[in-house]
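Heads up: the sequence shown begins at 14 in my numbering, then just goes up one per residue. Glycine is no exception: its CB is placed at the ideal position from the N, C-alpha and C atoms. Source: prediction; values computed, not measured.
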Amino acid sequence: VEIAYTDLVQYLNQHKNVPVFAAALEGKPFSGANPKNGVLVIGNESRGISEEVMSLATNKLMIPRIGKAESLNAAVATGILLSQLTL
Numbered sequence: 014v015e016i017a018y019t020d021l022v023q024y025l026n027q028h029k030n031v032p033v034f035a036a037a038l039e040g041k042p043f044s045g046a047n048p049k050n051g052v053l054v055i056g057n058e059s060r061g062i063s064e065e066v067m068s069l070a071t072n073k074l075m076i077p078r079i080g081k082a083e084s085l086n087a088a089v090a091t092g093i094l095l096s097q098l099t100l
């Protein structure tokens, strides 16, 4: 896994040809498209993803919920979305 520390908005603006998948409550339910590349953006549990970053997302993904849980923590959401992106 490649990890890079950089200004996310600047990076996304410099790589407009790369799809950006963002976890969002108002996103679409998602299951396996198996993209060849892309950036997965997960916000923290309290603030989510900034409006500026969300405006650069090409795909807003929602994890369907069953039950009364308000949200998933970032690690769990990441695992679920990565598993769906790679199916």
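G40 is not a Cβ neighbour of M67, given a cutoff of 7 Å.
For V33, the enclosing beta strand (DSSP E) covers residues V33 to P42. Restricting attention to N50, T19, I62 and A17, the CA atom closest to the CA of V31 is found in N50. V52: member of the beta strand (DSSP E) spanning V52 to V54, first to last residue. Short of 6 Å from the beta carbon of G56, and not among the five residues preceding or following it, lie these beta carbons of its own chain, in chain order: I62. In the DSSP assignment, L95 falls within the alpha helix (DSSP H) that extends over A87 to L98.
Counted as a single uninterrupted DSSP element, the alpha helix (DSSP H) harbouring L25 occupies residues L21 to Q27.
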